[in-house]
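Below is one structure, written out as structure tokens, with a few remarks after it.
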Amino acid sequence: MMNADDIKKGIECMKAQKKSLEEEMIDLKTHLVRGIYDMGSEELIMVANRIAYLEKRIEAGRAKIDLAELIVR
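See the structure below:
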């Protein structure tokens, strides 16, 4: 069974992972904006799909963090 310290360490790990995903998403959005006229339709679709995927992962991460923080309280 996990104790509160283990859960707190897990929360910090999830927050770091979420931040990394957010940074990757910002980079992709920047790439998309800068290259929108030079990209082919396949690349545009790939970048847009990756952004949507990251947004879903970030939202799921937020939910996990919120739940874990409630458990620790």
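The opening position of the sequence shown corresponds to residue 25 in our numbering, with each subsequent residue numbered one higher.
Yeah, the Cβ is synthetic: ideal placement off N, Cα and C, and Gly gets one too.
Item                                                                                                                                                  : Value
Grab me the residues of Ile82's own chain with a C-beta within less than 8 Å of its C-beta, minus the 5 sequence neighbours each way, in chain order. : Lys42, Leu45, Glu46 and Met49
When the Cα atoms are used, what is the spatial distance from Asp62 to Lys33?                                                                         : 43 Å
Whole angstroms is fine: what's the gap from Ile95's alpha carbon to Gly59's?                                                                         : 44 Å
Rounded to whole angstroms, what is the Cα-Cα separation between Asp31 and Ala87?                                                                     : With the sequence shown as reference, residue 31 is identified as Ile, and Asp is not the correct amino acid for it. Approximately 15 Å, taken between the alpha carbons.
Measuring straight from C-alpha to C-alpha, what distance separates Leu56 and Lys80?                                                                  : 18 Å
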